[in-house]
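Each remark here refers to the structure printed beneath this line.
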Amino acid sequence: MSRKTLPPEVQQLIVQYQTLKETHAKIDAELKLTEAELTDVDTVLNTVKNLEDTAELYKVVGHILVKKGKNDVIKELEERKEILSLKKDKYKKQLDFLVKQISELEAKLKEALGRYGIPVGQA
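Residue numbers (the numbering used here): 2 to 124.
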């Protein structure tokens, strides 16, 4: 049975399902990027904390390097780490919610397909 001959109700559920899956994939990608940056920030933070207090540190600002004190760099890195941790938690909650929505929609879709006598393959 081609998609054009599917009942409108089923077509609508399929579109919703595809939209949720796409949203899930996008948020999952953002989560992975955030986790990677968080790992980098942790590595740099640990490295900087182990440096002597007199170490010269520089931060890239636009196209120039700006000299920064160790404590300033640590403070900035800890703030960035906090922001990234909050983003990570937010993405995880969104993914959990989406997984629940996708699961519920899969059940509705199977039910709708069953009502129209359309066989559903085993996943």
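Ideal Cβ positions, reconstructed from N, Cα and C, are used throughout, including at glycine.
For clarity, every value in this text was computed on a predicted model and none was experimentally measured.
Classify I65: buried if its beta carbon has 16 or more other beta carbons within 10 angstroms, exposed otherwise.
exposed
With DSSP run on the structure shown, which of helix, strand or coil describes L39?
helix
Return the chain-ordered ranges of every alpha helix (DSSP H) run that is complete within the region 4 to 76 and spans a minimum of 4 residues.
9 to 50
Let me confirm a value: V11 is counted as buried when at least 16 other C-beta atoms fall within 10 Å, else exposed. Which label applies?
buried
Kindly list the residues whose CB is nearer than 8 Å to the CB of L46, restricted to its own chain and excluding five residues on each side of it in sequence; keep chain order.
I75, L78, E79, K82
Quick check on V42: buried or exposed, where buried means 16 or more other Cβ atoms within 10 Å of its Cβ?
buried
Check each candidate in N72, L96, Y18, G63 and name the one with the smallest Cα separation from K30.
Rather than Lys, the amino acid found at residue 30 in this sequence is Ala. When each option's Cα is compared against that of A30, the closest is L96.
Measure the C-alpha to C-alpha separation of A26 and L32 and round it to an integer number of angstroms.
10 Å
C-alpha gap between A113 and V100, whole angstroms:
20 Å
Given this structure, state the Cα-to-Cα distance separating T20 from S104, to the nearest angstrom.
13 Å
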